[in-house]
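> Sequential numbering of the sequence shown, starting at 133, is according to the working numbering.
Sharing a structure below in structure tokens format, with a few things to ask.
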Amino acid sequence: MDKSNQKSTLLPILDIGNFQANNLEGLCILDHSIEGKSKIDPPHKHDFFLFFLIEKGGGYHRIDFTSYPVSNKQLHILNPGQVHDWELDQKTRGYQLMIGKNEFEEMGGILYFLSLYQVKSPVLQLLDEEFMIFHHEFLQILNESKLPKPDKGIVRFRCNIIIKLIIREIEKITTQHHRPLIPELLLKYLSDIDEFYKKEKSMVFYAEKLNITPNYLNIICKKHLGKTAYSLIKSRISLEAKRLLSISNITVKELAFELGFQDPANFSKFFREETGTSPSDFRSK
């Protein structure tokens with residue numbers, strides 16, 4: 133892990149291998165009270181999913197420029213590529229479960245989009261009974277990981293249970309707020325944007341991948357997310373731009389090329405239209 137307080141040209145991206153102390157390739161769990169840090173500085177990205185179950189604690193957890201208060205019986209969900217940092221009470225207790233992207237895909241996880249677009253928050257506040265169920269599964273994974281020869285199959289099985297429990301919690305919230313579940317087609321569109329947004333900015337490209345018309349894609353985006361299909365592409369580009377501007381020293385010209393713009397002036401115009409400010413002014417805030 134880079135412990136320097138200096139900004140790098142691009143965001144620090146931590147691999148799950150930075151944390152693994154066992155042979156469970158692609159999976160890792162930490163007892164936060166023993167191995168966790170109360171403060172993360174500077175902010176960084178992960179290339180894996182992080183599920184932080186908080187038994188007791190306080191402070192804040194900032195994810196993609198939004199600060200979330202930390203309190204007892206919460207589950208914080210961090211997806212690959214998101215920028216985060218936190219400052220927690222010294223006595224915060226909980227478990228950090230890390231699942232690599234390949235492992236997560238093999239488990240059939242679509243949690244990234246469910247959590248982001250369904251409940252509008254990466255933090256789930258759990259009732260006592262719900263928390264105890266999660267706590268049991270996290271603790272069993274921790275105990276298995278401490279064995280001389282941990283069984284990865286058992287760990288994966290319990291990770292699957294945790295993912296299904298989270299999806300159940302999300303479904304409860306959507307039902308309570310009378311929100312329809314997002315169709316699989318739209319989840320695939322969001323997944324494709326995340327994969328191709330730097331190179332492909334045309335709605336036609338994504339519609340063809342989904343074997344639907346651009347007009348129909350626009351209709352389902354408006355119906356379920358209240359946004360146009362193209363605005364979702366633009367939002368993903370501007371989010372990455374803000375991430376890179378906030379905690380790296382990449383130049384505006386380099387950033388434009390990184391995000392697939394041939395002309396830095398066009399990128400600056402795009403950024404101002406999306407955020408109301410210039411890249412330089414955003415960085416200086």
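Ideal placement from N, C-alpha and C gives every residue a C-beta, glycine not left out.
As the structure is a prediction and not an experimental result, all values here were calculated from the model.
My parser needs the beta strand (DSSP E) runs of 3 or more residues fully inside the stretch 312-376; what are they?
The stretch 312-376 contains no whole beta strand (DSSP E) run of 3 or more residues.
> How far does the alpha helix (DSSP H) with glutamine 308 in it extend, from its first residue to its last?
Position 176 of the sequence shown holds residue 308. Unbroken alpha helix (DSSP H) run through glutamine 308: 284-308.
> Specify the secondary structure class of arginine 404 as computed by DSSP and reduced to three states.
In the sequence shown, the residue the question calls residue 404 occupies position 272. Helix, per DSSP.
> How many angstroms separate the CA atom of glutamine 228 from the CA atom of glycine 190?
On the sequence shown, residue 228 is found 96 positions in, with the first residue counted as 1. On the sequence shown, residue 190 is found 58 positions in, with the first residue counted as 1. C-alpha separation (whole angstroms): 16 Å.
> Would you mind working out which of Pro212, Val202, Ser203, Lys223 sits nearest histidine 164, comparing C-alpha positions?
Within the sequence shown, residue 164 is the residue found at index 32, counting from 1. Here the closest residue by C-alpha is Lys223.
> Output the distance between the C-alpha atoms of glycine 285 and threonine 345, rounded to the nearest integer angstrom.
If you number the sequence shown from 1, residue 285 lands on position 153. If you number the sequence shown from 1, residue 345 lands on position 213. In a straight line, the C-alpha of glycine 285 is about 42 Å away from that of threonine 345.
> Report the residue from Lys281, Asn343, Lys355 whose alpha carbon sits nearest the alpha carbon of proline 315.
By one-based count along the sequence shown, residue 315 stands at place 183. If we check each option's Cα against that of proline 315, Lys355 comes out closest.
> If you draw a straight line from the C-alpha of aspartate 283 to the C-alpha of cysteine 291, how long is it?
Taking the first residue of the sequence shown as position 1, residue 283 is located at position 151. Taking the first residue of the sequence shown as position 1, residue 291 is located at position 159. Looking at the two C-alpha atoms, the distance is approximately 13 Å.
> Can you round the beta-carbon distance between leucine 156 and phenylalanine 270 to whole angstroms, since I take them to be within the 8 Å contact cut?
Within the sequence shown, residue 156 is the residue found at index 24, counting from 1. Within the sequence shown, residue 270 is the residue found at index 138, counting from 1. With 8 Å as the limit, leucine 156 and phenylalanine 270 do not qualify as a contact, their Cβ atoms being about 14 Å apart.
> Going by Cα to Cα distance, which pick from Thr306, His216, Tyr329, Lys374 is closest to proline 429?
Summary: the structure shown does not reach residue 429, with the chain confined to residues 133 through 417, and so no result is reported for it.
> Hey, is glycine 158's beta-carbon within less than 7 Å of any beta-carbon in chain B?
Among the protein chains of the structure shown there is no chain B, as only one such chain exists.
> What do you get for glutamate 276, buried or exposed, if any count of 16 or more other CB atoms within 10 angstroms of its CB means buried?
Counted from its first residue, the sequence shown places residue 276 at position 144. Buried, because 16 or more other Cβ atoms sit within 10 Å of the Cβ of glutamate 276.
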